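The structure under discussion appears below in the form of structure tokens.
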Amino acid sequence: MDFLIFKAPMLMVQASLDGILLGILFALIAYGMALQWGVMNIINIAQGDLVILGGYIAYTMYLAGIHPAWGVIVSPIIMYFVGWALYKLVINKVVDRDLFISILATFGIAIVFQQLMNFIFGADVVVAQSEYGTTMLFDNSVTLPNSKIFSAFISVLYAVALVVYMKKSRLGRAIRATAQNARAAKILGVDTEKVYAATFGINAALCGIAGALISITLTLHPYVGLPYTVRSFMIVIVAGLGNLPAVALSGMGLGLFEEFADYILGTEFRIGAVFMLLVFILVYRRFKLSKKREYLK
Amino acid sequence: MNKLVKIFTIFISAIALTIASISSSFAKVEGEYIVLGSAISLTGKYSSNGVHTQNGYNMAVERINKMGGVKVGGKSYKFEIIYYDDESNPKRAAQLAERLIKQDGVHYMLGPYSSGLTKAIAPVTEKYKIPMVEANGASRSLFTKGYKYLFAVLSPANQYLEVAIDLAVEKNGGKPVKIAQAFEQDAFSQDVRLGILDAAKRTGSEIIIDDKLPKELNDMAATLAKVKATKPDVLVVSGHTKGALTAIRQISEMKVDVPMLAMTHCDAAKLSKQHGKKSEYALCASQWHKNLSYKDKFFGSGKKYDKDFKKEFGYAPPYQSAESSAALLVFKDAFERANSFDRDKVRDALKTTEMQTFYGNIKFGPGGQNVAKPMILFQVRCKGDTCENKVVAPTKWASDKFYHPIPKWSERS
Numbered sequence: 001m002d003f004l005i006f007k008a009p010m011l012m013v014q015a016s017l018d019g020i021l022l023g024i025l026f027a028l029i030a031y032g033m034a035l036q037w038g039v040m041n042i043i044n045i046a047q048g049d050l051v052i053l054g055g056y057i058a059y060t061m062y063l064a065g066i067h068p069a070w071g072v073i074v075s076p077i078i079m080y081f082v083g084w085a086l087y088k089l090v091i092n093k094v095v096d097r098d099l100f101i102s103i104l105a106t107f108g109i110a111i112v113f114q115q116l117m118n119f120i121f122g123a124d125v126v127v128a129q130s131e132y133g134t135t136m137l138f139d140n141s142v143t144l145p146n147s148k149i150f151s152a153f154i155s156v157l158y159a160v161a162l163v164v165y166m167k168k169s170r171l172g173r174a175i176r177a178t179a180q181n182a183r184a185a186k187i188l189g190v191d192t193e194k195v196y197a198a199t200f201g202i203n204a205a206l207c208g209i210a211g212a213l214i215s216i217t218l219t220l221h222p223y224v225g226l227p228y229t230v231r232s233f234m235i236v237i238v239a240g241l242g243n244l245p246a247v248a249l250s251g252m253g254l255g256l257f258e259e260f261a262d263y264i265l266g267t268e269f270r271i272g273a274v275f276m277l278l279v280f281i282l283v284y285r286r287f288k289l290s291k292k293r294e295y296l297k
Numbered sequence: 298m299n300k301l302v303k304i305f306t307i308f309i310s311a312i313a314l315t316i317a318s319i320s321s322s323f324a325k326v327e328g329e330y331i332v333l334g335s336a337i338s339l340t341g342k343y344s345s346n347g348v349h350t351q352n353g354y355n356m357a358v359e360r361i362n363k364m365g366g367v368k369v370g371g372k373s374y375k376f377e378i379i380y381y382d383d384e385s386n387p388k389r390a391a392q393l394a395e396r397l398i399k400q401d402g403v404h405y406m407l408g409p410y411s412s413g414l415t416k417a418i419a420p421v422t423e424k425y426k427i428p429m430v431e432a433n434g435a436s437r438s439l440f441t442k443g444y445k446y447l448f449a450v451l452s453p454a455n456q457y458l459e460v461a462i463d464l465a466v467e468k469n470g471g472k473p474v475k476i477a478q479a480f481e482q483d484a485f486s487q488d489v490r491l492g493i494l495d496a497a498k499r500t501g502s503e504i505i506i507d508d509k510l511p512k513e514l515n516d517m518a519a520t521l522a523k524v525k526a527t528k529p530d531v532l533v534v535s536g537h538t539k540g541a542l543t544a545i546r547q548i549s550e551m552k553v554d555v556p557m558l559a560m561t562h563c564d565a566a567k568l569s570k571q572h573g574k575k576s577e578y579a580l581c582a583s584q585w586h587k588n589l590s591y592k593d594k595f596f597g598s599g600k601k602y603d604k605d606f607k608k609e610f611g612y613a614p615p616y617q618s619a620e621s622s623a624a625l626l627v628f629k630d631a632f633e634r635a636n637s638f639d640r641d642k643v644r645d646a647l648k649t650t651e652m653q654t655f656y657g658n659i660k661f662g663p664g665g666q667n668v669a670k671p672m673i674l675f676q677v678r679c680k681g682d683t684c685e686n687k688v689v690a691p692t693k694w695a696s697d698k699f700y701h702p703i704p705k706w707s708e709r710s
């Protein structure tokens, strides 16, 4: 236990801002997961690996002399087609099966992706430089990397755009209809196959954006995808499916909680603390549900 | 008639099997070749360092064979290595070690890449009494288990950054310093941490931040914010290449000012290339540097090794390659002194190794670790936009003066 954070109020501000900025980025990945989980009932274990692949696309641009920030436009376009192809190759065969099979299939995809990335990009840890500099607040006692602010801003921008698209566009309506009741949607003339492919593509595109942002804020390595999958899984579990504001809040909340756990419990318990919180939330939810059931009886 | 054919077939295959098993039990030395075995990470997360290791081995094999080979019993033998890809997976590495020993009949082993994989293989080689010279497992726990057939040409992990603390104390006018440290939770980094704890105790220094980074963590912002708030004299970070890259990225972004920053894995992470000027003044522990004045007759000096390696493989040799090459020089020396292919005689010869290679002096301690070679520290220094690693400690080999304290970010261009 360490209470350094309570002695220095500026640390509190720093921790909160760090947590929120990172949380927003994670929320974007989680939103993609929630979307395709809700629509297709598939838990995508390869989510994190799609993120890393998106990051490598931005990194490749960086190597070619293009500013990696352009990755937030190029990467989702490429990743959309990667997602679409993945659906046509593998996912369409498991979409109506039980959850276990889809987990197994996406786990397989994750391994294939890791090895492919290792093969193509090598096993070195890499970073892309944005050279965005730093914003200093409160007489330099709080420092915020502009790359993190940029990534939070882009994440919010894309999330809002997606919500509007889901509300207004024809495809968005079809996706929402399929999520509510796939069979009814099919009877009413929605091409669910197309909807599924598009949903998986959109999810991959969101991962692509997040990956490009990670290439300039954190580090890339072919085998670091899994933590992103786990993190987004947790955010989705806390927030529930198909509820963007809840996903955003839960992303930021977990980010905040993690930062504070780091200061108070120590860095080694940071991730453990988040898992503990998850257990509490699940137990609490069950408790609430059982109460509701009793009431209904 | 049919029965006869059946019996005949069984008879033939039995003979074939016997011959096969006999020939494999002689596989340790086949004709004029001494066969060594190695499980090495050619795919998976250690594949880049695995390849550096393999290149180092191959370069030494080629050089030794070209320069007359190994002379045992008045006859000249050549080295040959059987490689298997362990996929960076400890379980697979242990299986492959068994396979090398039992199926391929290998009697002498070269180590894999990383402490973790060496730890997986060592019990196997120990069980079959196979001498193993390894060049890439530095974890202290490898040398405290009482292994009798394990020899490491590199300095153990706890020595990596001890020198840095001594240097910090020296710069502080001999007075104890305040240390902030962040180490990944893996065998190697935690051993480096133990070394720092020893050094702190020895110098009476105080550890004010002691963070253990989870393996999956790629964000050190919280640790660095604590560093900013507590103003230590020295910040020590070890977390493989990911840790080194993350640390420099976030130290520069968060404008963390510390007088001294000591790390591991700077050259493996290509720090000066990936982060350029942001990595300037970082102090890095290294097993080897080309500018050291060690010499041997096979590779000449470190500088010559550097040149030859570049010509052969197209990139500058990281220390992982250099130490791997040194492992073969040790084997050659031991075979010649033992003047025999008897495993135990070779092992005894290895135990009494005392030699100089281009990589450094080699003499094995009771646990099998190399006790004759100090770690070196280099500092990243930049001229314009090109950054280089300059040896600054120990003073005997220092090519440049140690720059201390690190200028504040507000004063850096």
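Chains as they are written, first to last, in the working numbering: chain A, 1 to 297; chain B, 298 to 710.
Backbone N, C-alpha and C define an ideal beta-carbon position, used for all residues, glycine too.
Just so you know, these numbers come straight off a predicted model, no measurement behind them.
Query: The region 694-709 of chain B contacting the region 611-628 of chain B, beta-carbon criterion three pairs below 8 angstroms; Result: no
Query: Any C-beta of chain A under 8 angstroms from that of residue 345 (chain B); Result: yes
Query: Residue 410 (chain B) to residue 383 (chain B) span [Cα, whole Å]; Result: 10 angstroms
Query: Beta-carbon proximity check, residue 492 (chain B) vs residue 469 (chain B), cutoff 8 angstroms; Result: no
Query: Interface residues of the region 499-514 of chain B facing chain A [CB-CB below 8 angstroms]; Result: 508, 509, 510, 511, 513 and 514
Query: Against chain A: residues of the region 326-340 of chain B by CB proximity under 9 angstroms; Result: 338 and 340
Query: Sub-8 angstroms separation of residue 228 (chain A) and residue 48 (chain A) beta-carbons; Result: yes
Query: Proximity below 8 angstroms, CB of residue 74 (chain A) to CB of residue 219 (chain A); Result: no
Query: First through last residue of the alpha helix (DSSP H) which encompasses residue 457 (chain B); Result: From DSSP, residue 457 (chain B) is part of no alpha helix (DSSP H); its letter is neither H nor E.
Query: Contact with chain C by residue 487 (chain B), beta-carbon distance below 8 angstroms; Result: Of the protein chains in this structure, namely A and B, none is chain C.
Query: Which listed residue (B:516, B:515, B:513 and B:472) has its alpha carbon closest to that of residue 503 (chain B); Result: B:472
Query: Cα-Cα separation between residue 43 (chain A) and residue 236 (chain A), rounded to whole angstroms; Result: 11 angstroms
Query: Other residues of its chain near residue 344 (chain B): CB distance less than 7 angstroms, five sequence neighbours each side excluded; Result: 338 and 385
Query: Cβ contact check for the region 133-152 of chain A and the region 9-25 of chain A: 3 or more pairs under 8 angstroms; Result: yes
Query: Buried or exposed (CB count within 10 angstroms, at least 16 for buried), residue 560 (chain B); Result: buried
Query: Ranges of the beta strand (DSSP E) found wholly within the region 67-139 of chain A, counting only runs of at least 3; Result: 134-137
Query: Chain B contact for residue 221 (chain A) (CB, 8 angstroms cutoff); Result: yes
Query: Contact belief for residue 617 (chain B) with residue 353 (chain B) at Cβ below 8 angstroms, rounded distance in angstroms; Result: 7 angstroms
Query: Any chain B beta carbon closer than 8 angstroms to residue 250 (chain A); Result: no
Query: Same chain only: Cβ atoms within 6 angstroms of residue 397 (chain B), ignoring 5 sequence neighbours per side; Result: 334 and 403
Query: Element boundaries [beta strand (DSSP E), containing residue 280 (chain A)]; Result: Segment 270-296 is the alpha helix (DSSP H) holding residue 280 (chain A); no beta strand (DSSP E) there.
Query: Rounded C-alpha distance that separates residue 375 (chain B) from residue 459 (chain B); Result: 40 angstroms
Query: Nearest residue (CA-CA) to residue 564 (chain B), options B:637, B:671, B:684 and B:303; Result: B:684
Query: Unbroken alpha helix (DSSP H) run spanning residue 196 (chain A), endpoints; Result: 192-217
Query: Residues near residue 581 (chain B) by beta carbon distance below 6 angstroms, same chain, minus five either side; Result: 560, 563 and 675
Query: Cα-Cα separation between residue 587 (chain B) and residue 700 (chain B), rounded to whole angstroms; Result: 21 angstroms
Query: Bridge partner(s) assigned by DSSP for residue 429 (chain B); Result: B:406 and B:447
Query: Per-residue DSSP class, three states only, for residue 320 (chain B); Result: Any reading at residue 320 (chain B) must be qualified, since the residue scores a pLDDT of 45, below 50, and its modelled position is unreliable; the value itself is stated next. Helix.
Query: Residue 286 (chain A), buried or exposed, once every other Cβ within 10 Å from all chains shown has been counted against 16; Result: exposed
Query: Simplified DSSP state of residue 709 (chain B), which is helix, strand or coil; Result: coil
Query: Residues bridged to residue 684 (chain B) (per DSSP); Result: B:679
Query: Nearest residue (CA-CA) to residue 50 (chain A), options A:281, A:266, A:211 and A:296; Result: A:211
Query: Option nearest residue 643 (chain B) by Cα separation, candidates B:530, B:349, B:429 and B:401; Result: B:429
Query: Start-to-end residues for the beta strand (DSSP E) that takes in residue 651 (chain B); Result: 651-654
Query: When A:209, A:292 and A:173 are compared against residue 32 (chain A), the one with the closest alpha-carbon; Result: A:209
Query: Residue 229 (chain A) in three-state terms, based on DSSP; Result: helix
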